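Asker: Residue numbers (the UniProt record's numbering): 1 to 138. Even glycine gets a Cβ: it sits at the ideal position worked out from N, Cα and C. Nothing here was measured: the structure is a model prediction, and the numbers come from that model.
#1: Inspect the beta-carbon positions of residue 52 and residue 65 and report whether they are closer than 8 Å.
#2: Label residue 61 either buried or exposed according to how many other C-beta atoms from any shown protein chain fall within 10 Å of its C-beta, with 16 as the threshold for buried.
#3: Could you name the residues of the same chain whose beta carbon sits closer than 8 Å to that of residue 41, not counting the 5 residues immediately before and after it, in chain order?
#4: By alpha-carbon positions, which one of 87, 54, 35, 86 ends up nearest to residue 67?
#5: Between the C-alpha atoms of residue 19 and residue 101, what's the straight-line distance to the nearest angstrom?
#6: Since residue 108 sits in a beta bridge, which residues does DSSP pair it with?
Next comes the structure, spelled out in structure tokens:
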């Protein structure tokens, strides 16, 4: 069913002449009120990672895994910080992104949230997790 979803999405995107798909959404959606949960595959990091792999592989357009990383808070996300320990970060939140990179994602869209009081795209720890993804994807 997941692969079929990817095929249907690919067909619709090709029909609109889209060359870069801004998805799949890789966040775990742990909060039911998350506004982007409908785009994802659930709260199981292994399933999310494998599902992203299934929807990205063998597609003829560029895919962008999003939102790297810790974009789990919908309410007050512009004023709060998602603080996650290193082990949890690697085992839960980074795994789906690793699998999407392994499947050939063309890019990874950065989160606009904060982690450990820094914007994710400026946080050295988040950047190093991102580098880890690309170096360990093969």
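Answerer: Quick look at the numbers:
#1: yes
#2: exposed
#3: 2, 24, 47, 48, 51, 52
#4: 35
#5: 18 Å
#6: 65
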